[in-house]
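Quick notes on the structure that follows.
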Amino acid sequence: MALITASIAERERFTAFAGENDASAPLDSMATIRFLETFNPTCTTVDGIGPGSLVEDVEGTLGATTRITLSEIESREYIEFERQPEGLLFRLDYTGRFADGARETKEYDPGAKIFSIGVVRQH
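Okay, structure coming up:
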């Protein structure tokens, strides 16, 4: 998979994916970005939510957690909120509390934080 990392002042800001699955092929500079992700806490939503934001603070803005899911292949944790804007994807910092064998929960550890924010292109 071909990922592009954008850096500003030597600090990584975003990783972009444009649907190019062959990392050895030349990049298509005209390809449409399908997914953009940041782990940088200086990159936030208009509400000030960014990587490192406490989940309890995010709930104050976006409403209660509706679910936390555990991805099957890479065991990434994604968290969703009642009033989450369409097209935004929030990763959790591996603090979800899952029952044995479960891949979904609403429970998380105290001090849980947003690990990254992604923007997914809506079709």
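The working numbering applies: residue 1114 is where the sequence shown begins, and numbers increase by one. Cβ coordinates follow ideal geometry from the N, Cα and C atoms, glycine included. It should be emphasised that the depicted structure is a prediction, and the values quoted were computed from it without experimental measurement.
### Spatial neighbours of residue 1180 in its chain, beta-carbon cut-off 7 Å, leaving aside the 5 residues before and after
1193, 1217 and 1219
### Query
Is it buried or exposed for residue 1171, if we count other Cβ within 10 angstroms and need 16 for buried?
buried
### Task
Would you mind sorting residue 1210 into buried or exposed? The rule is 16 or more other CB atoms within 10 Å of its CB.
exposed
### Task
Report the residue from 1157, 1177, 1183 and 1149 whose alpha carbon sits nearest the alpha carbon of residue 1213.
1183
### Query
DSSP three-state call for residue 1140: helix, strand or coil?
coil
### Query
According to DSSP, is residue 1114 helix, strand or coil?
Any reading at residue 1114 needs caution, since the residue's pLDDT is 44, under 50, leaving its predicted position unreliable; the model's value is listed next. If DSSP states are grouped into helix, strand and coil, residue 1114 belongs with coil.
### Query
Can you tell me whether residue 1186 is buried or exposed, with buried defined as 16 or more other CB within 10 angstroms of its CB?
exposed
### Query
Is it right to say residue 1142 is buried, meaning 16 or more other beta carbons lie within 10 angstroms of its own, or is it exposed?
exposed
### Query
What are the partner residues of residue 1231, as DSSP defines its beta bridges?
1150 and 1202
### Message
DSSP has residue 1226 in a bridge; who is on the other side?
### Response
1167
### Task
Decide if residue 1114 is buried, meaning its Cβ has at least 16 other Cβ atoms within 10 Å, or exposed.
Only weak support is given to the placement of residue 1114: the predicted model assigns it a pLDDT of 44, under 50, and the question is left unresolved by the model.
### Query
Terminal residues of the continuous beta strand (DSSP E) containing residue 1194?
1190-1194
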